[in-house]
Ligand SMILES: Nc1ncnc2c1ncn2[C@@H]1O[C@H](COP(=O)(O)OP(=O)(O)OP(=O)(O)O)[C@@H](O)[C@H]1O
Ligand SMILES: [Mg+2]
């Protein structure tokens, strides 16, 4: 597959010419409410994701970003529409997909090492081999010496790294991230942005990254999808032609960055305000 | 932090020992100077001597063996029954709907009142004691295990699903370990009621066992023997409790210290 092919055209972000990993067509989703009849959350969402792309999705709070990710990860079925992964319809959970959410989902009763090997236990990897893989990843993430610590003994940023390498251990082709750094302080967040950029550069996996932080989206992504207030539609799409490698600390002073930020923020603000007034109407 | 904690525990232990020692002295004094009739209240020195004699003569061992047998079998069956029932209830909505009110209602029946019935059904032998211990442990374990199974973080289950875990793997790798703290609480509480169940059963009707010993001594107006047997029961309880606490510390090592 695309992932094994060495990528020599790095750092140019030519996602357009690559294979299509995800093909999402005409997604609609509505939740059956208990008191209200039905909440329409997604409306006519269509987009493609290229195989080595870093795609960010932004949108106002409560618009349906997590719902969209749950559908892309196979956790939920959309009310209507199709999701193709590598040309095949996505039917439920797939081993090609890794998922990382805002709160870490480390198992508190397992050490760091055993948390990282967790996913490999479902892939018939021998314990010895699994530990080898885990040790290697732990060292690469700068967590050597913490192999035998329990999650509650780690800082928030360290836990997040473990959460990420646990997904890297199962070597998925796609990593879906739902506001992964939202619960961290600004400084830790920047370090992790740098880390995830590095991971992406090394592994060239497809990353779909939801965030409410526009700066973060521009810093990381090749392309940004802007979702409208609920029910979410794709309001706009922006290419981010910033050069790579990017440094989260430096890139925000780049003039193109500033222009992009202003442009996208203007559109996003409209939706945030619409979503706020929507809440007011609903009350 | 750890080296500050140690003198604190030491202090507590010393104060507690002093308190209990003081009470025993008062008791001894009251009995010695005739303020209280040793016939009714015995006295600590006689109790300790009788306690020692029970072990030196070896007379106590068969009774301990019988009571412990009923306690442990009742405990094991009760825990297994409670955990399995809780699991089924937590897993199947319909069963839960039908059974939950019934279990709560059954729990409301005073177990003590059932004792004579069990003896009628299962006889004077060990089975009636096992059953009484079982039924007591069962409910305690059921409620704890149910709480544990219902309180598994959905986040962890989702993460396991996304990693490709099967249903059985989710149960063994997520649901059970995350319920361990609850199961241990159930086990510790179950230990107490298992011993209680066995002893009460023996008390109501039996040929041997610690409960039988207490009852027999009571009938003979042998207050000292009643107290020394109670001391044996308390010692057993403490030993078993320490055993479970030790296992708990080993198995639940992953929990933050202040939890
Ligand atoms: N299981 C559900 N049942 C009913 N309604 C739901 C369910 N899950 C989400 N919703 C509703 O769907 C809408 C979108 O939710 P979603 O979590 O996808 O938004 P989001 O964009 O991820 O929000 P946030 O920025 O707060 O993470 C919300 O209004 C929410 O109330
Ligand atoms: Mg969300």
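Chains as they are written, first to last, in the numbering used here: chain A, 34 to 316; chain B, 20 to 278.
Heads up, the beta-carbon is just placed ideally off N, CA and C, and yes, glycines get one too.
Compare the beta carbon distance of residue i and residue j with 8 angstroms and say whether it is the shorter of the two.
| i | j | result |
| --- | --- | --- |
| residue 269(A) | residue 259(A) | yes |
| residue 154(B) | residue 130(B) | yes |
| residue 176(B) | residue 193(B) | yes |
| residue 220(B) | residue 101(B) | no |
| residue 193(A) | residue 230(A) | no |
| residue 320(A) | residue 131(A) | Absent from the structure is residue 320(A), since the part of chain A shown begins at 34 and ends at 316. |
| residue 251(A) | residue 290(A) | yes |
| residue 74(A) | residue 64(A) | yes |
| residue 155(A) | residue 140(A) | no |
| residue 265(A) | residue 76(A) | yes |
| residue 65(B) | residue 254(B) | no |
| residue 213(A) | residue 310(A) | no |
| residue 105(A) | residue 273(A) | no |
| residue 89(B) | residue 152(B) | yes |
| residue 60(A) | residue 78(A) | yes |
| residue 54(A) | residue 239(A) | yes |
| residue 214(B) | residue 256(B) | yes |
| residue 176(A) | residue 207(A) | no |
| residue 84(A) | residue 52(A) | yes |
| residue 108(A) | residue 125(B) | no |
| residue 167(B) | residue 147(B) | no |
| residue 282(A) | residue 223(A) | yes |
| residue 171(A) | residue 149(A) | yes |
| residue 174(B) | residue 138(A) | yes |
| residue 255(A) | residue 87(A) | yes |
| residue 160(A) | residue 189(A) | no |
Show which residues of chain B have a CB atom less than 8 angstroms away from the CB atom of residue i.
| i | result |
| --- | --- |
| residue 126(A) | 180, 181 and 183 |
| residue 185(A) | 273, 274 and 275 |
| residue 278(A) | Ordered by position in chain B, no residue passes the 8 angstroms Cβ test against residue 278(A), which lies about 30 angstroms from the chain. |
Please compile the residues from chain A whose C-beta is within a distance smaller than 8 angstroms of the C-beta of residue i.
| i | result |
| --- | --- |
| residue 163(B) | Under the 8 angstroms cutoff, chain A gives no residues; its nearest Cβ is about 17 angstroms from residue 163(B). |
| residue 174(B) | 134, 136 and 138 |
Report the neighbours of residue i on chain B: residues whose CB is nearer than 7 angstroms to its CB, in chain order.
| i | result |
| --- | --- |
| residue 155(A) | 182, 183, 184 and 188 |
| residue 141(A) | 273 |
| residue 151(A) | 182 |
Determine the chain A residues that contact residue i at a beta-carbon separation under 7 angstroms, and present them in chain order.
| i | result |
| --- | --- |
| residue 241(B) | By Cβ distance, chain A contributes nothing, its closest Cβ being about 51 angstroms from residue 241(B), past 7 angstroms. |
| residue 170(B) | Near residue 170(B) there are no residues of chain A at all, since even the closest Cβ is about 13 angstroms away, more than 7 angstroms. |
Which residues in chain A sit within 9 angstroms of residue i, going by Cβ to Cβ distance?
| i | result |
| --- | --- |
| residue 195(B) | Residues of chain A passing the Cβ test: none, with the nearest at roughly 10 angstroms. |
Please compile the residues from chain B whose C-beta is within a distance smaller than 9 angstroms of the C-beta of residue i.
| i | result |
| --- | --- |
| residue 106(A) | 181 |
| residue 241(A) | Those within 9 angstroms of residue 241(A) in chain B number zero; the least Cβ separation is about 14 angstroms. |
| residue 203(A) | 182 and 183 |
Would the C-beta of residue i count as close to ligand 4, meaning under 7 angstroms from any of its heavy atoms?
| i | result |
| --- | --- |
| residue 96(A) | As presented, the structure is devoid of ligand 4, carrying ligand 1 and ligand 2 as its sole ligands. |
### Query
Which residues are close to ligand 2, meaning CB closer than 7 angstroms to any heavy atom, in chain order?
Output, sorted by chain position: 98(A), 99(A), 211(A), 212(A) and 243(A).
### Query
Are there three or more Cβ pairs, one per stretch, closer than 8 angstroms when the stretch 274-291 of chain A is compared with the stretch 66-81 of chain A?
no
### Query
Are the stretch 214-228 of chain B and the stretch 72-91 of chain B in contact at 8 angstroms, needing three or more beta carbon pairs?
yes
### Message
Three or more C-beta pairs under 8 angstroms: does that hold for the stretch 89-97 of chain A against the stretch 107-122 of chain A?
### Response
Result no; under three Cβ-Cβ pairs closer than 8 angstroms.
### Query
Does the pairing of the stretch 71-81 of chain B with the stretch 120-138 of chain B give three or more beta-carbon distances under 8 angstroms?
Short answer: they don't touch.
### Task
Please list the segments of the alpha helix (DSSP H) lying wholly inside the stretch 217-253 of chain A, counting only runs of 4 or more residues, in order along the chain.
219-236 and 247-253
#### Entry: Touching by the beta-carbon criterion (3+ pairs, under 8 angstroms), the stretch 231-241 of chain A and the stretch 177-185 of chain A
no
### Task
List in chain order: all unbroken alpha helix (DSSP H) runs of 4+ residues lying wholly within the stretch 102-184 of chain B.
112-127, 130-141, 145-169 and 173-181
### Message
I'd like to know if the stretch 96-115 of chain B and the stretch 264-276 of chain B are in contact, where contact means that at least 3 CB-CB pairs between them fall below 8 angstroms.
### Response
no
### Task
For the stretch 45-110 of chain B, list the alpha helix (DSSP H) runs that are entirely contained and at least 4 residues long, ordered along the chain.
57-60, 63-75 and 79-110
### Task
Kindly provide the ranges of any alpha helix (DSSP H) runs that are 4 or more residues long and lie completely inside the stretch 165-215 of chain A, ordered along the chain.
Listed in chain order, the complete alpha helix (DSSP H) runs (minimum 4 residues) inside the stretch 165-215 of chain A are 189-202.
### Message
For a minimum of 4 consecutive residues, which ranges assigned as the alpha helix (DSSP H) are wholly contained in the stretch 245-270 of chain B?
### Response
none
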